Amino acid sequence: MPEIGAYFTVLIASALILGLPGRTVAGGSALRTRRRSACALGLAVLFLAGDALWVHLGLQNRDRLSVTFLDVGHASCTLVEFPGGRRMLIDGGGFPNDRFDVGRYVVAPFLWNRRIGKIDTIVATHPHPDHVNGLPYILDNFGVEDVWTSGDEALVDWGVPLTEKMKAKGITPRLITSKSPPVEYDGVQIRILNPGSRSPSRADLDDREINERSVVLHIRWKDASILLPSDIGAPTESLLVRQRAPLASGVLLAPHHGSAYSASTPFLQAVRPSTIVISTGRPVREEVLERFRQTGAAVYRTDVHGAVRITTDGSRYVVSAFKNP
Numbered sequence: 004m005p006e007i008g009a010y011f012t013v014l015i016a017s018a019l020i021l022g023l024p025g026r027t028v029a030g031g032s033a034l035r036t037r038r039r040s041a042c043a044l045g046l047a048v049l050f051l052a053g054d055a056l057w058v059h060l061g062l063q064n065r066d067r068l069s070v071t072f073l074d075v076g077h078a079s080c081t082l083v084e085f086p087g088g089r090r091m092l093i094d095g096g097g098f099p100n101d102r103f104d105v106g107r108y109v110v111a112p113f114l115w116n117r118r119i120g121k122i123d124t125i126v127a128t129h130p131h132p133d134h135v136n137g138l139p140y141i142l143d144n145f146g147v148e149d150v151w152t153s154g155d156e157a158l159v160d161w162g163v164p165l166t167e168k169m170k171a172k173g174i175t176p177r178l179i180t181s182k183s184p185p186v187e188y189d190g191v192q193i194r195i196l197n198p199g200s201r202s203p204s205r206a207d208l209d210d211r212e213i214n215e216r217s218v219v220l221h222i223r224w225k226d227a228s229i230l231l232p233s234d235i236g237a238p239t240e241s242l243l244v245r246q247r248a249p250l251a252s253g254v255l256l257a258p259h260h261g262s263a264y265s266a267s268t269p270f271l272q273a274v275r276p277s278t279i280v281i282s283t284g285r286p287v288r289e290e291v292l293e294r295f296r297q298t299g300a301a302v303y304r305t306d307v308h309g310a311v312r313i314t315t316d317g318s319r320y321v322v323s324a325f326k327n328p
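Those letters in the sequence shown? Residues 4 to 328, by my numbering.
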């Protein structure tokens, strides 16, 4: 993609230098033409330098794992970029209706800005609009290799636009549970900690139970680890603690947008994070923030800090936020 931009920049600059469209100029016009040519050359050099810098930075980041928590309001969308160049998009944000397409107006521009045209894996953690309604646009406009969903066959037909888009694209989602084997991308291990088993049918599940069956991912690379628990609450947190699931992580995405009914003290004690990111578009209760502060972790909120990006070389974490309040 940098090469394409460079090509068209040089093409346009060349046209300007040659004086297109063809017109004979003389006297003072010749001076203006030379100035125009110099400007065109300058622009070409700047754009080429920018492309070269982007490629250089991209190569530098190839030995890093980065996770970006996008600012999608009271919703969730997380981009994981692996050291070898693979990319995983976990949820896509969204609203309960079609008044605003988060995929089109927030997620896609972010990806294009990072020169990403392909997503290796999309993970739809559970069928609630604030997590999946932004994904259809991504499926339509990006190359997508694979889609993972909660391992309930009854939940595959989610009754949301994502289902119809997957059908139209001929994509059969991969159903994952805690019994699924770990997956390795570019030396990074991804473990599925939840859901634990299949449920008989979606008709038996209310919204709270669907949240409890959200996909929970634990990502580990060398000595660095990230826990992405989606919308689970205290019941599933307690279950994971009792099961001695590998919860310890340097980075934690706050469960259920920092809900008062999640991020229980035993769960936080098991995770022991150094950084907590809350993906939210609403005020977070003081009691929840106090629980987070008691862990000693640095706390970031997308409603306050904007998008939050965390990069690691496998040992230390570097956090950057779009906004600095």
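Each residue gets a CB set at the ideal place from its N, CA and C atoms; glycine is no exception.
This one's a predicted model, so the numbers in the text were calculated from it and none came from an experiment.
Start-to-end residues for the alpha helix (DSSP H) that takes in residue i
i, result
"R312", "Here R312 belongs to no alpha helix (DSSP H); instead the beta strand (DSSP E) covers 311 to 315."
"K121", "Careful: K121 lies outside any alpha helix (DSSP H), inside the beta strand (DSSP E) at 121 to 127."
"D306", "305 to 308"
"L165", "164 to 172"
"A111", "111 to 116"
"T268", "268 to 274"
Residue j beta carbon less than 9 Å from that of residue i
i, j, result
"S252", "I93", "no"
"A263", "R288", "yes"
"G173", "F145", "no"
"S267", "A300", "no"
"A237", "S217", "no"
"G261", "I235", "no"
"L114", "N136", "no"
"Q192", "W224", "yes"
"L255", "I229", "yes"
"T298", "V274", "yes"
Close Cβ partners of residue i (< 6 Å) along its chain, the five nearest in sequence each way excluded
i, result
"R194", "P185, H221"
"S318", "D226"
"T314", "R67, S69, V321"
"I122", "R90, L92, F145, V147"
Coarse secondary structure for residue i, derived from DSSP in three states
i, result
"L243", "helix"
"L138", "helix"
"V186", "strand"
"R296", "helix"
"V218", "coil"
"D143", "helix"
"V70", "strand"
"R285", "coil"
"D210", "helix"
"V75", "coil"
"R223", "strand"
"A237", "helix"
"D133", "helix"
"R177", "strand"
Range covered by the beta strand (DSSP E) that runs through residue i
i, result
"I93", "90 to 93"
"A324", "320 to 324"
"N327", "Note, N327: premise wrong, no beta strand (DSSP E); not H, not E."
"N197", "191 to 197"
"L255", "254 to 256"
7 Å CB neighbourhood of residue i in its chain, flanking five on each side removed
i, result
"I213", "H129, P130, H131"
"A332", "One cannot answer for residue 332 here, as it falls past the ends of the chain, which runs 4 to 328."
Residues near residue i in its chain [Cβ-Cβ closer than 8 Å; skip 5 each side]
i, result
"R65", "P86, G87, G88"
heavy atom of the ligand COA below 8 Å from residue i C-beta
i, result
"S262", "Absence of the ligand COA is noted for the structure shown, with no ligands found whatsoever."
Segment contact flag, the segment 118 to 129 with the segment 97 to 106, C-beta cutoff 8 Å, min 3 pairs: no
So, does the segment 303 to 316 touch the segment 70 to 77, judging by three or more C-beta pairs under 8 Å? The answer is yes - the segment 70 to 77 touches the segment 303 to 316, with three or more Cβ pairs under 8 Å.
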